[in-house]
Amino acid sequence: MNSPKVRVRFAPSPTGPLHIGGVRTALYNYLFARQHGGELIFRIEDTDSARFVPGAEEYILEAFRWLGIKFDEGVSFGGEYGPYRQSERRDIYKQYVQQLLDAGRAYIAFDTPEELTAKREQVSNFQYDASTRNQMRNSLTLGKEETDRLVAEGHPYVVRFLIEPGEDVHVNDIIRGDVCINSSILDDKVLWKSADQLPTYHLANIVDDHLMKVTHVIRGEEWLPSAPLHVLLYRAFGWADTMPRFAHLPLLLKPDGKGKLSKRDGDRLGFPVFPLEWHNPVTGEVSSGYRESGYLPEAVINFLALLGWNPGGDQELLSMEELIQKFNLEKCSKNGARFDYVKGQWFNREYLLQRPAAAWAPDFVRLLAAQGIDTTEERAAEVVEMMKMKVIEYTTSEGPKKRNVSFVSDLWPLCRFFFVAPTAFNREDKFVKKNWKETTASEMQQLRDVLSTIDDFSVEGQKAVVDPWVEQSGLKPWNAWRVCLVGEGQGPDMYALAAFLGKEEVLRRMDFAIKTLGSCTV
RNA sequence: GGCGCUUUCGUCUAGCGGCUAGGACACAUGCCUCUCACGCAUGGAACACGGGUUCGAUUCCCGUAGGCGCUACCA
Numbered sequence: 427m428n429s430p431k432v433r434v435r436f437a438p439s440p441t442g443p444l445h446i447g448g449v450r451t452a453l454y455n456y457l458f459a460r461q462h463g464g465e466l467i468f469r470i471e472d473t474d475s476a477r478f479v480p481g482a483e484e485y486i487l488e489a490f491r492w493l494g495i496k497f498d499e500g501v502s503f504g505g506e507y508g509p510y511r512q513s514e515r516r517d518i519y520k521q522y523v524q525q526l527l528d529a530g531r532a533y534i535a536f537d538t539p540e541e542l543t544a545k546r547e548q549v550s551n552f553q554y555d556a557s558t559r560n561q562m563r564n565s566l567t568l569g570k571e572e573t574d575r576l577v578a579e580g581h582p583y584v585v586r587f588l589i590e591p592g593e594d595v596h597v598n599d600i601i602r603g604d605v606c607i608n609s610s611i612l613d614d615k616v617l618w619k620s621a622d623q624l625p626t627y628h629l630a631n632i633v634d635d636h637l638m639k640v641t642h643v644i645r646g647e648e649w650l651p652s653a654p655l656h657v658l659l660y661r662a663f664g665w666a667d668t669m670p671r672f673a674h675l676p677l678l679l680k681p682d683g684k685g686k687l688s689k690r691d692g693d694r695l696g697f698p699v700f701p702l703e704w705h706n707p708v709t710g711e712v713s714s715g716y717r718e719s720g721y722l723p724e725a726v727i728n729f730l731a732l733l734g735w736n737p738g739g740d741q742e743l744l745s746m747e748e749l750i751q752k753f754n755l756e757k758c759s760k761n762g763a764r765f766d767y768v769k770g771q772w773f774n775r776e777y778l779l780q781r782p783a784a785a786w787a788p789d790f791v792r793l794l795a796a797q798g799i800d801t802t803e804e805r806a807a808e809v810v811e812m813m814k815m816k817v818i819e820y821t822t823s824e825g826p827k828k829r830n831v832s833f834v835s836d837l838w839p840l841c842r843f844f845f846v847a848p849t850a851f852n853r854e855d856k857f858v859k860k861n862w863k864e865t866t867a868s869e870m871q872q873l874r875d876v877l878s879t880i881d882d883f884s885v886e887g888q889k890a891v892v893d894p895w896v897e898q899s900g901l902k903p904w905n906a907w908r909v910c911l912v913g914e915g916q917g918p919d920m921y922a923l924a925a926f927l928g929k930e931e932v933l934r935r936m937d938f939a940i941k942t943l944g945s946c947t948v
């Protein structure tokens, strides 16, 4: 018996920007589908008309395009199992709800939301189930005639799933093994909503997965408690033999404190929780995205892939191809993973370093332009090459910290002096203080005179002349020279910096420093 | 409250009855050095607790405690 072709789906609801946890779920589905030569479906679960947010669907699609997660079928991709937007499948669901009604596996209930709220307030732990349904207003208590009459009169109603109590329902989860819960603790879930005349997630989900021939449901752990309900639905429809296999992924948790990762954590700690920048169409609020923050899609993918799964072994830098090859649902961890965004920055650094400096240049040029600096990509690439191994200081809620250059945008604060000459010197600066003594001005004047004789101002050209002079004079001009050209204790190798600036600019900066700092002791 | 899932360094994790419990991020120190770094080397750092099972438990079972989730006419 050969198993059917693997078909998985990622089915977000368009209620806003895609959360990074959702991105990981989609990624795992993608890796699984690719590894098995299967198909990945993109379905839109927009059965909650109240929470619909315009633009969310396009946002999600663009996010996956950027990340390199490709779908084979679904909204905007086509396919033979459409439509793939649930709001366009109303008639299909209606038909299946009727099937359940006819089979006596579901019933009609007239209780209004207000009545239910009141009931919940008056009876603690109230649950609409076998123990309470006979006290409510539904087709079971009202009888067929009365029900038909109320429906005909246009009274709003919902359809509820009739759950038989006292049965142990088993879910065989790929990640968690056998999960068993008793049907008595399940409530008679609403399958069809009166409010928007659409099914709930539970019904739509089962019908679609069945009709779309989905073989594996890979989703977040928040769905685990309702998985038994889904199993019961498959059975009620008579689809138990083709029921997909389930895999419930661990959740992404806050970097610190308690609870699951939320947008607020990103704002508080300074990292994005969305793949792309999001502009809230109602509030106008802007949330940062990984793309706009300077992350490389490969880095985001690699980082996310290893949050909750690990191929074993010591290799952590993995390409999409390697991930596809090594991915294994059974090796997913069972417990929630704290979102270690600092490690995410490290991944980005690794991927940034892997590419040639020239590949950073366009972004860097744009960044410089925003600072009013006009330069070429070649020049920018030279600077990148000299500075990519440096460390940047940044501020956090716990005070200043340092980290390696991890983004192109880290470069500007480190590279200003390449493009802007010092206009003043901070005599209180430790480095300046230490390296500018009363004799320094005259030493710098000597160095200046030596430099002015050089025609070939390349690193090699300078070396050929300056090294012997250093040797013979016994001077150590480096730090003072750095003060002249940079203004502080920063920057690359002095010859490299001087070569970049060019002879004229170097001499100009030295003249200015000698004049400004003079022979005074600082 | 009820139900379910879960528990190895600060964090992500490897481990699938016998190991000096491994790696990575982060952190610290040293070397290198023309500044800051990179790099290299080194270091601190974990099996939640209590019972079993077993010759032997981080590993299997049961409790306890913590964490997480669900408990809507939301997904």
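Per this note's numbering, the first sequence runs over residues 427 to 948.
Note that the Cβ used here is the ideal one computed from N, Cα and C, for glycine as well.
Everything numeric in this text was worked out from a predicted model, so none of it was measured.
Does the distance from the C-beta atom of residue i to that of residue j stay below 8 angstroms?
i: residue 722; j: residue 778; result: yes
i: residue 560; j: residue 536; result: no
i: residue 892; j: residue 939; result: no
i: residue 760; j: residue 602; result: yes
i: residue 439; j: residue 471; result: yes
i: residue 842; j: residue 936; result: no
i: residue 913; j: residue 826; result: no
i: residue 473; j: residue 617; result: no
i: residue 713; j: residue 689; result: yes
i: residue 736; j: residue 757; result: yes
i: residue 654; j: residue 577; result: no
i: residue 860; j: residue 853; result: no
Looking only at DSSP bridge pairs, what is residue i linked to?
i: residue 598; result: 604
i: residue 467; result: 435, 499
i: residue 830; result: 817
i: residue 822; result: 825
i: residue 532; result: 587
i: residue 758; result: 735
i: residue 564; result: 535
Tell me, to the nearest whole angstrom, how far the beta carbon of residue i is from that of residue j; I am working on the premise that it is less than 8 angstroms.
i: residue 479; j: residue 459; result: About 27 angstroms separates the two Cβ atoms, so there is no contact after all.
i: residue 533; j: residue 586; result: 6 angstroms
i: residue 943; j: residue 838; result: About 26 angstroms separates the two Cβ atoms, so there is no contact after all.
i: residue 531; j: residue 662; result: 4 angstroms
i: residue 672; j: residue 643; result: 5 angstroms
i: residue 775; j: residue 832; result: 4 angstroms
i: residue 609; j: residue 628; result: That pair is no contact at about 15 angstroms.
Beta-carbon within less than 6 angstroms of residue i's beta-carbon, same chain only, minus the 5 sequence neighbours each way: which residues are those?
i: residue 650; result: 674
i: residue 726; result: 716
i: residue 446; result: 699
i: residue 442; result: 479, 482
i: residue 744; result: 728
i: residue 692; result: 698, 699
i: residue 556; result: 591
i: residue 512; result: 471, 472, 473, 630
i: residue 704; result: 443, 713
Going by C-alpha to C-alpha distance, which of the options sits closest to residue i?
i: residue 822; options: 697, 639, 529, 452; result: 697
i: residue 635; options: 437, 924, 795, 828; result: 437
i: residue 477; options: 707, 766, 902, 863; result: 707
i: residue 766; options: 911, 444, 680; result: 680
i: residue 453; options: 518, 782, 733; result: 733
i: residue 840; options: 865, 492, 854, 806; result: 806
i: residue 558; options: 631, 611, 764; result: 611
i: residue 865; options: 903, 845, 783, 653; result: 903
i: residue 719; options: 710, 793, 762, 504; result: 793
i: residue 490; options: 921, 920, 702; result: 702
i: residue 928; options: 917, 881, 898; result: 881
i: residue 813; options: 844, 605, 797; result: 844
i: residue 664; options: 749, 568, 522, 495; result: 522
i: residue 762; options: 746, 799, 682; result: 682
i: residue 900; options: 809, 449, 869; result: 869
For residue i, which residues from the same chain have a beta carbon less than 8 angstroms from its beta carbon, with the 5 sequence-adjacent residues on both sides left out?
i: residue 751; result: 461
i: residue 820; result: 826, 827, 828, 829
If you drop the 5 nearest sequence neighbours on each side, which residues of the same chain put their C-beta closer than 7 angstroms to that of residue i?
i: residue 773; result: 725, 728, 729
i: residue 620; result: 582, 583, 584
i: residue 742; result: 732
i: residue 788; result: 803
i: residue 421; result: The chain is shown only over 427 to 948; residue 421 falls outside these bounds and no answer can be derived.
i: residue 948; result: Note on residue 948: pLDDT 45, under 50, position unreliable in the model; no value is reported.
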